[in-house]
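Quick notes on the structure that follows.
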Amino acid sequence: MESLPAGRGLEVATAIALGVVSLVTALGVLQASIWNGDAARFGRDSADARDQGVSVAVVAQLKARADLGAMYEAERLARLQDEALAAGEQIRAIELEADISNTLGTIYVDGATDLFAEWRAAGFPADGNPAASPEYLVQGQGEADALSLTSQRLGALGKQLTARAEIFGQASLVHALALFLFGVAGINRLRTTRYVTLAMGAATFLFGLFLMSTAY
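Under the working numbering, the very last position in the sequence shown is 281; numbers go up by exactly one each time.
Here's what the structure looks like:
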């Protein structure tokens, strides 16, 4: 026995369901597009920060080598100055003092003169070169490390947004199926068939919403 024709109430329910699913699908596609755009921007910023970090790290290493060599050169001159003072060669000692100042002036690290004076006062211990100290390394490598961390963080954010956009894309496909089912229900005039397709469409729509919720 054939089912009775669908009533006016079912037609209204079907139309409402089509409108709701269409709206949610459109919003999901829009959000996925926004996330993809943000992910692409984060990816570019991450690459820029990584490249800049590499450049800064290379420059910092070159500066570190130059500073280390300058400190050892200043140590050599200071020892010669001590020998000149011990021999009473005041003019030679003054000349060496100027050489020491000029050498320390080439060092990039802040407060090089004071750091060298402390190292000299301690008797120039082998492990006391200021240009090899942890503080110096932090000062020289800090910017490069910060850029590297920024690049990693931006890259991670980009991947997260890409993953969210992919989930919303999958949910949009599910909602497209729900739209198809609701469309079938809308053109079907048999009550039982419309109930079945409406139920299937509702279940599919809810599954799509569940997929969207997993993106957060």
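Glycine is no exception: its CB is placed at the ideal position from the N, C-alpha and C atoms.
Grouping DSSP H, G and I as helix and E and B as strand, with all else coil, what is residue i?
i, result
"THR227", "helix"
"THR171", "coil"
"ALA267", "helix"
"PRO199", "helix"
"ASN101", "helix"
"ALA191", "coil"
"GLU140", "helix"
"GLY134", "helix"
"TYR260", "helix"
"ALA152", "coil"
"ALA280", "coil"
"GLY176", "coil"
Taking 7 Å as the cut-off, is the C-beta of residue i nearer than that to any heavy atom in the ligand SAM?
i, result
"ALA80", "Within the structure as shown, the ligand SAM is missing, as the structure has no ligands at all."
Where does residue i land, buried or exposed, given buried means 16+ other C-beta within 10 angstroms?
i, result
"ILE99", "exposed"
"PRO190", "exposed"
"ASN253", "buried"
"PHE275", "exposed"
"ASP132", "buried"
"VAL77", "exposed"
"ALA264", "exposed"
"ALA80", "exposed"
"ALA71", "Residue placement at ALA71 is flagged as unreliable, the pLDDT there being 49, under the threshold of 50; the coordinate-derived value follows with that caveat. Counting Cβ neighbours within 10 Å, ALA71 comes out buried, since at least 16 surround it."
"GLY153", "exposed"
Measure from the C-beta of residue i to each C-beta in chain B and report whether the shortest distance is under 8 Å.
i, result
"PHE107", "Among the chains of the structure shown, chain B does not appear; only one protein chain is present."
Whole angstroms is fine: what's the gap from residue i's alpha carbon to residue j's?
i, j, result
"VAL239", "VAL249", "15 Å"
"ALA104", "ASP210", "23 Å"
"VAL124", "ALA221", "26 Å"
"ALA230", "VAL85", "21 Å"
"GLU208", "VAL121", "7 Å"
"ARG106", "PHE272", "31 Å"
"ARG115", "THR279", "31 Å"
"LEU75", "TYR281", "34 Å"
"SER87", "ASP113", "39 Å"
"GLU148", "GLN126", "33 Å"
"VAL203", "GLY170", "20 Å"
"MET277", "VAL261", "24 Å"
"GLY108", "LEU219", "7 Å"
"SER166", "THR178", "8 Å"
"THR227", "ASN101", "6 Å"
"ILE288", "GLY118", "Residue 288 lies beyond the stretch modelled for the chain, which goes from 66 to 281, so this question has no answer here."
"GLY251", "ALA97", "29 Å"
"GLY223", "LEU95", "17 Å"
"PRO199", "ASP175", "14 Å"
"ILE172", "SER213", "25 Å"
"ALA62", "ALA82", "This structure leaves residue 62 out entirely; the chain is present only between 66 and 281."
*Would you check if the stretch 78–97 and the stretch 133–142 touch, i.e. whether three or more CB-CB distances between them fall below 8 Å?*
no
*Does the stretch 232–242 come close enough to the stretch 140–155 to have 3 or more Cβ pairs within less than 8 Å?*
no
*the stretch 261–268 contacting the stretch 240–247, beta-carbon criterion three pairs below 8 Å*: yes
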